[in-house]
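To start, the structure itself, in structure tokens.
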Amino acid sequence: IAGITQAPTSQILAAGRRMTLRCTQDMRHNAMYWYRQDLGLGLRLIHYSNTAGTTGKGEVPDGYSVSRANTDDFPLTLASAVPSQTSVYFCASSDQAGGADTQYFGPGTRLTVL
Amino acid sequence: GQNIDQPTEMTATEGAIVQINCTYQTSGFNGLFWYQQHAGEAPTFLSYNVLDGLEEKGRFSSFLSRSKGYSYLLLKELQMKDSASYLCAVTTNDYKLSFGAGTTVTVRA
Numbered sequence: 068i069a070g071i072t073q074a075p076t077s078q079i080l081a082a083g084r085r086m087t088l089r090c091t092q093d094m095r096h097n098a099m100y101w102y103r104q105d106l107g108l109g110l111r112l113i114h115y116s117n118t119a120g121t122t123g124k125g126e127v128p129d130g131y132s133v134s135r136a137n138t139d140d141f142p143l144t145l146a147s148a149v150p151s152q153t154s155v156y157f158c159a160s161s162d163q164a165g166g167a168d169t170q171y172f173g174p175g176t177r178l179t180v181l
Numbered sequence: 026g027q028n029i030d031q032p033t034e035m036t037a038t039e040g041a042i043v044q045i046n047c048t049y050q051t052s053g054f055n056g057l058f059w060y061q062q063h064a065g066e067a068p069t070f071l072s073y074n075v076l077d078g079l080e081e082k083g084r085f086s087s088f089l090s091r092s093k094g095y096s097y098l099l100l101k102e103l104q105m106k107d108s109a110s111y112l113c114a115v116t117t118n119d120y121k122l123s124f125g126a127g128t129t130v131t132v133r134a
């Protein structure tokens, strides 16, 4: 069982370019999440999805969009990347929404915007 | 947002005990998670406390006091592989998980 996979592992991107980070889980979890992790700030929630077909905004949603067409996939799109979006991005999933369920994290995508 | 505080760094000797404190100020508190994150890797689940008291899992224990907004993670019989960041995270009634900045623990021989 792979759990959660993310692609790419790392990426260097020119400012203004569009980028989609991919996330796929094979645990049939209902809820999925995108976080960014920056030094000294910890993990911050960007967007979440409680179930397929629904999405919601987290703490730092500006400049990002998500979709949840099916249970397994939860891509994160940067429409026009800016240097402040340089970060490590983690996708996570949990069996149920509600925060009390353990979240399982993917290996992360290291994104550098120049 | 939530206010979650934990020390930035701690250093301890192999075989020793280290206690990582976490204080939080939040509304609609539901429970508190501890995650471990090795450098360059994903966070992995360690513990979840909902009720006051101590939960023990092998060498790791986690304590929660809801009235004081306080938790700690206790690591006993430290091993070199325990060198990692430890993340305190609070879950609230709005179904969100908020993380502290993490505590980097360095275990020295």
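Chains as they are written, first to last, in the working numbering: chain A, 68 to 181; chain B, 26 to 134.
From the three backbone atoms N, C-alpha and C, an ideal C-beta is built for every residue, glycine too.
Source: prediction; values computed, not measured.
Cβ neighbours of residue i in the same chain (closer than 6 Å, five flanking residues each side left out)
i, result
"Tyr95/B", "Thr48"
"Glu34/B", "Thr129"
"Thr131/B", "Thr36, Ser108"
"Arg91/B", "Asp77"
"Ala114/B", "Phe58, Leu122, Phe124"
"Gln31/B", "Cys47, Cys113, Gly125, Thr128"
Per-residue contacts from residue i into chain B (C-beta, under 9 Å)
i, result
"Gly173/A", "Ala67"
Residue i - DSSP class collapsed to helix/strand/coil
i, result
"Met105/B", "helix"
"Gln182/A", "An answer regarding residue 182/A cannot be provided, because it is not within the stretch 68 to 181 covered by chain A."
"Ser52/B", "coil"
"Gln73/A", "strand"
"Gln152/A", "helix"
"Asp105/A", "strand"
"Ser132/A", "strand"
"Gly83/A", "coil"
Same chain, Cβ closer than 7 Å to residue i, neighbours up to 5 away in sequence not counted
i, result
"Glu102/B", "Gly40, Arg84"
"Gln163/A", "Asn97, Ala98"
"Ser147/A", "Gly83, Arg85"
The beta strand (DSSP E) enclosing residue i, as first and last residue numbers
i, result
"Ser123/B", "122–124"
"Glu81/B", "78–82"
"Asn28/B", "28–30"
"Leu181/A", "Note, Leu181/A: premise wrong, no beta strand (DSSP E); not H, not E."
"Ser147/A", "Ser147/A -> no beta strand (DSSP E), and no H or E assigned at all."
"Ser86/B", "85–90"
"Phe70/B", "69–74"
Contacts that residue i makes with chain A (C-beta to C-beta distance below 8 Å)
i, result
"Gly125/B", "Gly109"
"Tyr73/B", "Ala167, Thr169"
Per-residue contacts from residue i into chain B (C-beta, under 7 Å)
i, result
"Gln170/A", "Leu122"
Strand pairing of residue i, partner residues [DSSP]
i, result
"Glu34/B", "Thr129/B"
"Ser161/A", "Ala98/A"
"Ile45/B", "Leu98/B"
"Gly123/A", "Tyr115/A"
"Thr176/A", "Tyr156/A"
Proximal residues of chain B, C-beta to C-beta of residue i below 8 Å
i, result
"Leu143/A", "Going along chain B, no residue has its Cβ under 8 Å from Leu143/A, so there is no contact; the nearest lies around 16 Å."
CB contact check: residue i to chain C, cutoff 8 Å
i, result
"Leu178/A", "In summary, chain C is missing from the structure at hand, where the protein chains are A and B."
Close Cβ partners of residue i (< 8 Å) along its chain, the five nearest in sequence each way excluded
i, result
"Thr122/A", "His114, Tyr115, Ser116, Val133, Ser134, Arg135"
Chain A contact residues for residue i, given Cβ-Cβ distances below 9 Å
i, result
"Leu112/B", "Gly109, Leu110"
Partner residues on chain A for residue i, Cβ-Cβ distance less than 7 Å
i, result
"Phe70/B", "Thr169"
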